[in-house]
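Student: In order, the protein sequences belong to chains A and B. Using my numbering, the letters of the first sequence correspond one by one to residues 1 to 222. Using my numbering, the letters of the second sequence correspond one by one to residues 1 to 222. C-beta atoms are modelled at their ideal positions from N, C-alpha and C, and glycine is treated no differently. Everything numeric in this text was worked out from a predicted model, so none of it was measured. Okay, here's the structure, questions in a sec.
There are 2 protein chains.
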Amino acid sequence: MRSVSPEDATTRSRIRDASVLLFGRVGFEKASIRAIAESAGVSPALVLHHFGSKERLRDECDRYIVDEVMGRNDELGHGDLAATMQRWLADIDTFRPSLDYLSRMITDGSEHGDRLFDQLVSRTESMLAAGAADGSMHESSDPRMTAVIVATHGLLPLIFERHIGRVLGESGGLTESAIRRMTLPTLELYTRGLYTSDAVLEAARTALARTMGAPSPEGEGR
Amino acid sequence: MRSVSPEDATTRSRIRDASVLLFGRVGFEKASIRAIAESAGVSPALVLHHFGSKERLRDECDRYIVDEVMGRNDELGHGDLAATMQRWLADIDTFRPSLDYLSRMITDGSEHGDRLFDQLVSRTESMLAAGAADGSMHESSDPRMTAVIVATHGLLPLIFERHIGRVLGESGGLTESAIRRMTLPTLELYTRGLYTSDAVLEAARTALARTMGAPSPEGEGR
DNA sequence: GGCGATACTGAACGCATGTTCAGTATCCTA
DNA sequence: TAGGATACTGAACATGCGTTCAGTATCGCC
């Protein structure tokens, strides 16, 4: 009837939205086509009429979420990752379904998930390179590996949403107040580190040098 | 026949081992009782004869893995967590099945997974407290939250096993060389942090103080 | 050496799933 | 306004699942 609200945009997009929601909440395997259909207010057969198969439906959801969450990455190659993630968390209640979906994409190990992870890592890598260039960040002995680590750190709140909320005594997963509480400790770690001396680092350096052939302090090239 | 090798210890334990392997590799939902039975060389009915139901089989696997990986935690209350994790990674090829299982336990969100995560966090918390007490680690403004963050950092290699190996060009997931390569960048982050100044930290501090009521620089008590 | 308990199997049941298909309504165009 | 395409449905299908059960072999005890 009314076409103002997104209630009934296209039937097809309503089905896609319901799928994203369900896939994100319970996972691809446990989200049945019948449940998706009911949640979208249509018959199971219509879901397949529009998308062909459950796997193709997943494909389209994957693409849709990557587009929405990462932005059309044709823009500049890549934008500022930290700002992107802050935007997610600042507006967690709107982004939660997409972020739940994204989290599953990455842990489930699909083809699209792999590409998404790679994209996150390379954006992180250029962010770190820029920081090292302007002197705001330390240079790493292995920039590629450091980029992987920092990228995964950024994904932690999504992957461990459930546990973080739980341990902090929040009820509904990763709430806004939980995110606020994470901010300072995270930045403290990124500013001062954890150890007060470089004893552990140096110990590991010599131990690794003893194990491997070359004690060269540089990482490998690109 | 021969009882030396674990080939045919108890039939029951062979079934449990096959379950751990399959649950860890493909997940609880996708690991069918029929596949477990075949992998253990028995009939599907025997699996249920020994364990009653798939859910009870999972329960027993959960308990078995927690025992194996965390050690009997009745010992002292809790041991050195960092040392425990190093033991895992140092001997990755033996521990991989258990660690795969453990990783799924935590991300799947079961009751046992919750308790395991809590245990990891509280062990981390006392490790950090000990470090702060003897001066080897910085004091945090929010020790509980920092413990959660550091604990999840420790789980990263397990959760992102697939991606880390992949990005580094290794084929079989988290190989020994991938772990070696992670060591230094991780310790660099824990020693120097990422930022060269406290500008970002201070900016966040004042931003948070403006949002919330009390600008007190301390975290809340336990 | 018999006998109850335990280990183990093959076949079946009931159910939920993804998918198909014939058929009906609705829309858009010529 | 006719007619072909498209949206949509209900009922059925094949399959794989967890689980049950009746029956057989095997073991340990008196």
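Report yes or no: do three or more beta-carbon pairs, one from the stretch 147-154 of chain A and one from the stretch 114-123 of chain A, lie closer than 8 Å?
Tutor: Short answer: they touch.
Student: Closer than 8 Å by beta-carbon distance: list the chain A residues that pair up with ALA204 (chain B), in chain order.
Tutor: Within 8 Å Cβ-Cβ: THR183, LEU184, LEU187.
Student: Identify every residue that forms a DSSP beta bridge with TYR195 (chain A).
Tutor: Partner(s): B:MET137.
Student: What is the DSSP secondary structure of LYS54 (chain A), counted as helix, strand or coil?
Tutor: Here LYS54 (chain A) sits in helix by DSSP.
Student: Can you name the residues of chain A whose CB is closer than 7 Å to the CB of LEU156 (chain B)?
Tutor: Under the 7 Å cutoff, chain A gives THR152.
Student: If you measure from the beta carbon of GLY194 (chain B) to each beta carbon in chain A, is any gap under 7 Å?
Tutor: A small correction: the amino acid at residue 194 (chain B) is Leu; Gly does not occupy that position in the sequence shown. Interface residue, yes.
Student: Taking the straight line between their C-alpha atoms, what separation do you get for PHE117 (chain B) and LEU116 (chain A)?
Tutor: About 27 Å.
Student: Output the residue ranges of the alpha helix (DSSP H) runs that lie fully inside the stretch 88-164 of chain A and measure 4 residues or longer, sorted by chain position.
Tutor: Whole alpha helix (DSSP H) segments, 4+ residues: 92-108, 111-133, 143-159.
Student: Measure the alpha-carbon distance for ALA20 (chain A) versus GLU38 (chain A) and round it to whole angstroms.
Tutor: First, the residue type needs correcting, since residue 20 (chain A) is Val and not Ala in the sequence shown. Cα to Cα, VAL20 (chain A) sits roughly 14 Å from GLU38 (chain A).
Student: Compare the C-beta of HIS163 (chain A) with all C-beta atoms of chain B and state if any pair is closer than 7 Å.
Tutor: Cβ-Cβ to chain B under 7 Å: yes for HIS163 (chain A).
Student: Under 7 Å Cβ-Cβ, which residues of chain A neighbour GLY24 (chain B)?
Tutor: Chain A residues near GLY24 (chain B): none, gap ~13 Å exceeds 7 Å.
Student: Please report the residue range of the alpha helix (DSSP H) in which THR11 (chain B) lies.
Tutor: 11-26 is the span of the alpha helix (DSSP H), which, as asked, contains THR11 (chain B).
Student: Cutting at 8 Å between CB atoms, please list the residues of its own chain near ILE110 (chain A), excluding the five before and the five after it.
Tutor: It is Ser, not Ile, that sits at residue 110 (chain A) in the sequence shown. Around SER110 (chain A): ARG58, ASP62.
Student: Rounded to the nearest angstrom, how far is the Cβ of THR183 (chain A) from that of LEU208 (chain B), given a contact under 8 Å?
Tutor: Contact holds; Cβ gap of about 6 Å.
Student: Between LEU201 (chain A) and chain B, is any beta-carbon pair separated by less than 7 Å?
Tutor: It does; some Cβ of chain B falls within 7 Å.
Student: At a Cβ threshold of 7 Å, is GLU38 (chain A) touching chain B?
Tutor: Answer no: the Cβ-Cβ gap between GLU38 (chain A) and chain B never drops below 7 Å.
Student: Using the beta-carbon of each residue, which ones in chain A are nearer than 7 Å to MET145 (chain B)?
Tutor: The answer, in chain order, is ARG181, MET182, PRO185.
Student: Starting from the Cα of MET137 (chain B), find the closest Cα among A:TYR195, A:ASP80, A:LEU201 and give me that residue.
Tutor: Nearest option by C-alpha distance: A:TYR195.
Student: Check the Cβ-Cβ distances between GLY169 (chain B) and every residue of chain A, and say whether any is below 7 Å.
Tutor: It does not: the Cβ of GLY169 (chain B) has no partner Cβ on chain A nearer than 7 Å.
Student: Mind checking if GLY137 (chain A) is an interface residue toward chain B, Cβ cutoff 7 Å exclusive?
Tutor: Checking the sequence shown, residue 137 (chain A) turns out to be Met, not Gly. Closer than 7 Å to some Cβ of chain B, the Cβ of MET137 (chain A) qualifies, so yes.
Student: For THR206 (chain B), does the three-state DSSP call read helix, strand or coil?
Tutor: Here THR206 (chain B) sits in helix by DSSP.
Student: Would you report the Cα separation of GLY135 (chain B) and LEU168 (chain B), rounded to the nearest angstrom?
Tutor: So the alpha carbons of these two residues sit roughly 35 Å apart.
Student: Which whole-angstrom value is the C-beta distance of GLY193 (chain A) and THR191 (chain B), which I expect to be below 8 Å?
Tutor: Confirmed, Cβ separation roughly 5 Å.
Student: Please state the DSSP three-state secondary structure of LEU201 (chain B).
Tutor: The answer is helix: DSSP assigns LEU201 (chain B) an H, G or I state.
Student: Evaluate SER171 (chain B) with the Cβ neighbour count: other Cβ atoms within 10 Å of its Cβ, from every protein chain shown; 16 or more gives buried, anything less gives exposed.
Tutor: Under this definition SER171 (chain B) is an exposed residue.
Student: By the three-class DSSP mapping on this structure, what secondary structure does GLU75 (chain B) have?
Tutor: Reliability fails at GLU75 (chain B), whose pLDDT of 48 lies under 50, so the model's placement of it is uncertain and no value is given.
Student: Give the C-beta separation of ILE36 (chain B) and LEU22 (chain B) to the nearest angstrom, bearing in mind that I take them to be a contact with Cβ-Cβ under 8 Å.
Tutor: Yes, ILE36 (chain B) and LEU22 (chain B) are in contact; Cβ-Cβ is about 6 Å, under 8 Å.
Student: Is DSSP giving ASP59 (chain B) helix, strand or coil here?
Tutor: It is helical.
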